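In the order they appear, the protein sequences are chains P and C. The first sequence runs 11 to 610 under the working numbering. The second sequence runs 11 to 610 under the working numbering. Working notes, beginning with the structure itself.
There are 2 protein chains.
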Amino acid sequence: MITKYKSRNRRQPMVVSKTDAGLSHKCFDAPGVKISGFAPSENKLKVIVLGGLEEVGRNMTVFEYDKEIIIVDMGLQFPEEDMPGIDYIIPNVDYLDDKKDWIKGVIITHGHYDHIGGIPHLMGRLGNPNMFMGKLTAGIVRKRVEEFGKCPKLNIQEINEDSKLQLGKFFRVEALRVNHSIPDCFAIIIHTPVGTIIHSGDFKIDYSPVNDKPADLNWVAQIGGAGVLLLLSDSTDATHVGYQISESSIGDEMGKIFEKLEGRIIIGTFASQLSRVQKLFDLAEKFGRRINLQGRSMNDNVDIAHQIGYLKFNPRIIVEDHELSRLPDNKIIIIGTGAQGESSAFLTRVVNNEHRSINLKTGDTVIFSSSVIPGNERSIQTLMDSMVRQGAKVINYEMMDVHAGGHAKQEDLKLMMRLIKPEYFMPIEGNHYMLRAHAELAEQVGIAKNKILVADNGQIIEFYKAANGEVSGNLTKDKVLTDYVMVDGLGVGDVSNIVLRDRRVMAEDGMIVIIATIDAKTGNTIGNPDIISRGFVYMKENKELIQKTRMKVKRIVKDHNPRTPADNDYVKNKIRNDVGQFLFSQTKRRPMVLPVVIKV
Amino acid sequence: MITKYKSRNRRQPMVVSKTDAGLSHKCFDAPGVKISGFAPSENKLKVIVLGGLEEVGRNMTVFEYDKEIIIVDMGLQFPEEDMPGIDYIIPNVDYLDDKKDWIKGVIITHGHYDHIGGIPHLMGRLGNPNMFMGKLTAGIVRKRVEEFGKCPKLNIQEINEDSKLQLGKFFRVEALRVNHSIPDCFAIIIHTPVGTIIHSGDFKIDYSPVNDKPADLNWVAQIGGAGVLLLLSDSTDATHVGYQISESSIGDEMGKIFEKLEGRIIIGTFASQLSRVQKLFDLAEKFGRRINLQGRSMNDNVDIAHQIGYLKFNPRIIVEDHELSRLPDNKIIIIGTGAQGESSAFLTRVVNNEHRSINLKTGDTVIFSSSVIPGNERSIQTLMDSMVRQGAKVINYEMMDVHAGGHAKQEDLKLMMRLIKPEYFMPIEGNHYMLRAHAELAEQVGIAKNKILVADNGQIIEFYKAANGEVSGNLTKDKVLTDYVMVDGLGVGDVSNIVLRDRRVMAEDGMIVIIATIDAKTGNTIGNPDIISRGFVYMKENKELIQKTRMKVKRIVKDHNPRTPADNDYVKNKIRNDVGQFLFSQTKRRPMVLPVVIKV
């Protein structure tokens, strides 16, 4: 049995000294920090993952010791299928509401939305603590916050693999460069009073990354050799056998395809796959083509990365929309967003003839250079159909190796565990079955079964250092609140399960509003009940059904002759039930029935 | 430009002689059938695919010569993502409405829903023509029709690879056994006055099928040698490189997994994958386990197939639910439906603790032995999560080779074309991009580009035999109606695009009904407007927004003082627009606004 509690309801008195509350960034090996003198009950490190253990997305992890907290990542998750109309989901930070002043820093591993997307919504609420992230990540975060508008000015300190941070009294933090599908990705090394913890962030093993330094595996091994208490590691591809492909070999594969193509090349990819984008710039150079960028996020990201030197290209290679018609087709590469079939992105707009200057034509080749996010398969098929109809050729990763995933697969994950040799292991970032698969790999490389911690969102993990120096880790049964916080338009957290349930019911079989106007004195209906239906049956073609429903309503009112408010409620319930059953018997559909009684 | 026409609107006088209208089943080489004496305009074979060229599913093809028609398959399609509440889609047969008496026979290639699912809905409307299909297919069709209720008693003649049918004067039909994931699958050879046509049905190349005879490739080659005018061939896996795996090698793989397992084995698969089911019975025998069947369709199909000898097992191997608890776990295999995450199928019911006798427990292994139908990925992930939480291990086809597809891949498709050497080629059964991919393979094996016909649903393809014996094929620009016919509950074709659009709008942002009661004499509102909202915002937490909306409505009524019906419409439109804009500005959501004006 897991106990859930709301921190809001159990608000404790907060005791924070002034020096505690301030942020101190000392050098890693700065002298003078002594850790001692805590009552055993306080002498514990808590690890709480607020998001990322039951889904892919909304990653956020809290590390807490005494009255100090550091946070790693603050992401968003895209909605599930049964959440119509929801834009995205952010982590629930109720637990931190009365601990704002404990937060000594927020560290962001890299610039993808599932790691940064919650920042604009949450940083204000958390008291705007200092943030630490790579240069590129900082550029992307600043841009996003600027667009969002309602976020305080962030205090961001840029970090790299040489950074050593002292956050509060208890946390010494280092950044460890890792490879992924965007440059400036870091795993986070956290030295705590109970031992060293490594949070992997997102990573793959790539011995020849594109435009990014490879992870220093030798240093990883040295850290492992010095003793690591706990490794939290990326489980995204833990169910995939073998090794991940290197980003550079994708480039080679792309190059082979480019060689054969005479027409325009149109590439759909994520705006955030900047390593891929770099490779495309290199190939453009090699094949004497120029590059046109499409999609706001694509342009933004390329701008940011180019300005800070993370994308290397001669600006003259870029070609604007209005110049495209002047270039021969075999000199053009268009890179755009929308490879997941997103309705408002570049590729969909082109296919729907909604793009101001680009249409597909015979000779074009469209390359889908990204894996398919589960749930988007049908949209992508539709998109590919339309492209082929408009004369383009389509190449996707099923047909050729034109996408390398950004995540470590099983053998890569084992390598990381072998190098780090953690005492405790905790799989993060994945659906539960992925975490379990990762846990099994950990067992295979010899981590003790009772030291492999498969947790749920919000579950509190404690590490306690005894007087003799021995540390024991414990997956407690306590859980902080991690309900979905859904963002829909301007509303954050205001779409309740009731609202969602109603949306689902109406999507399934529509709804019918029945308005009975009743004479307050006699309790009889005035005229015919009004009936409005949407999404149920097409009313013009179902006059008989509607007429029968009207008669049913009139009879109910006549039989019960409502005069008091209690009568009203009774009649409304009766209409809801009887009409609902009647309509089901006639159509085998269950529209939402909304009775309204108006007394005049 | 493609011309669409509705046969209903262009109803021609029908001239059918009594002998024509009757069905004649003569032997293939029966004497006395002479083909001659038609005006050139009639001397054409029409091929019209009513479903299966723009989607996977609702397969149905019409072959028409003079006033005779034969039909191959009559399937259903599962709904697209943007069709909430729809059960499935069946082919549109408007084109056949005034040609019922021309239909000389309906041939069904095999017993999967995308080839038989339209039968109960359509056979009555088509005048219940004679049907021809394999023994197993007949069993499955009879069962489905029986359950459906409203279908006339079908006249089914069972066929096998020795069958030779004369349908009408012009069509001589043979069945060619092919392999797929269910036994009794046939390709159809149709000898017509203009030449021989082969319709592949669904097929894979399997040299060692399970419990099914392998296709006689030598005979296929002989037919090819005798000259084939047109091949219509299965494109489902035309975008997949290489060769499909044999069903028997899957069995071997499963066997290896079974060897290591000590607990219960639970297999999720399609009820229609009877070849897989046979292999599981064989493995049960080998490993001394007994089999428990779950899901109505699974029980039905196994019953049917066992009765007619298509599934071979000792009935004593079957174990009923109430006996399960008496058997040790390592003696149990449970085979059930629901591997696509279908909400009411066996696996989902078990996971949700809704099954009367089976719960998951530690030691169980669940094997997902089917590929994922695009669109079901998220449901399956959720299902796997729950299983793992309940202690079971999960194995799916990503992790091991536990699923062989039922469809030919690129190299297999090329082999079929090489053996048959058709003059014309027409890819069928797939999204448009799959058809195009298949067309490219056809080019690669040397079929002339202008004889590769990539058509759309309903597009008329004509083959004309000139006096000199030369046949020319032509993809015309004429198209018969093939709009979606959607089945929702009892309604067939009554869910219009308007109804669907309304469902989508309400699913996205909900709806709000605004009821203004107005004094007919003065044109003023009586009391406060009633407001009902569902799926938009939670009203109890948004009192201010609701109150402001009420005030807005009152002001609109006051400003316009509606007394005539035209005034009413004006006011309703005004409310719809102004309130819609107001709510969007406040929430960035666009609920459906439904204004009601009641005059008393």
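C-beta: ideal position from N, C-alpha, C; glycine also. Keep in mind the model is a prediction, meaning the values are calculated, not measured.
Contact belief for residue i with residue j at Cβ below 8 Å, rounded distance in angstroms
i       : j       : result
K461(P) : E453(P) : Incorrect: roughly 10 Å between the Cβ atoms, too far for contact.
V505(C) : M496(C) : 5 Å
I117(C) : I79(C)  : Contact doesn't hold; Cβ gap of about 12 Å is too wide.
L293(P) : G273(P) : Contact flag wrong, Cβ pair sits at about 16 Å.
M427(C) : L241(C) : 7 Å
D488(P) : I470(P) : 5 Å
G128(C) : I150(C) : The Cβ separation is near 14 Å, so there is no contact.
Run of the alpha helix (DSSP H) containing residue i, from where it starts to where it stops
i       : result
G235(C) : L227 to A236
H131(C) : I129 to L132
V495(P) : Premise fails: V495(P) lies in the beta strand (DSSP E), V495 to D498, not in any alpha helix (DSSP H).
V360(P) : F356 to V361
P575(C) : P575 to T597
G278(P) : Careful: G278(P) lies outside any alpha helix (DSSP H), inside the beta strand (DSSP E) at I275 to G278.
Y123(C) : Y123 to I126
M141(P) : Careful: M141(P) lies outside any alpha helix (DSSP H), inside the beta strand (DSSP E) at M141 to M143.
M516(C) : N507 to D519
R388(P) : E387 to R399
Contacts around residue i, its chain only, beta-carbon distance under 8 Å, and the 5 residues preceding and following it disregarded
i       : result
H417(P) : H190, D212, F213, K214, D244, T246, D247 and Q254
I405(C) : I267, T375, V376, I377, F378 and V412
N324(P) : E295
R514(C) : D92 and P94
N484(P) : I471, E472, F473 and Y474
K584(C) : I566 and H570
Residue i: first and last residue of the uninterrupted beta strand (DSSP E) it sits in
i       : result
G652(P) : Because chain P spans 11 through 610 in this model, residue 652(P) falls outside it and cannot be assessed.
N302(P) : R300 to L303
F8(P)   : Missing from the structure shown is residue 8(P); chain P here goes from 11 to 610 and no further.
T375(P) : T375 to F378
Nonlocal neighbours in the same chain, by C-beta distance under 6 Å from residue i, ignoring five residues either side
i       : result
H122(P) : S282
N138(C) : P162
E184(P) : K174 and I199
N165(P) : N140
H201(P) : R182
C-beta contact flag for residue i and residue j at 8 Å
i       : j       : result
D512(C) : G520(P) : yes
V312(C) : V287(C) : yes
I345(C) : Q304(C) : yes
V509(C) : G95(P)  : no
G590(C) : R600(C) : yes
K153(C) : I318(C) : no
E257(P) : D226(P) : no
N587(P) : G533(P) : no
I566(P) : I541(P) : no
Backbone secondary structure at residue i - three-state DSSP
i       : result
I524(P) : strand
K475(C) : strand
P325(C) : helix
S258(C) : helix
H201(P) : strand
A458(P) : coil
K487(P) : strand
P601(C) : coil
D108(C) : helix
K609(C) : strand
Q420(P) : helix
R366(P) : coil
N309(P) : helix
E78(C)  : strand
Chain-order list of residues whose beta-carbon lies under 7 Å from that of residue i (same chain, five-residue window excluded)
i       : result
D498(P) : G95, I96, D97 and V505
G385(C) : E91
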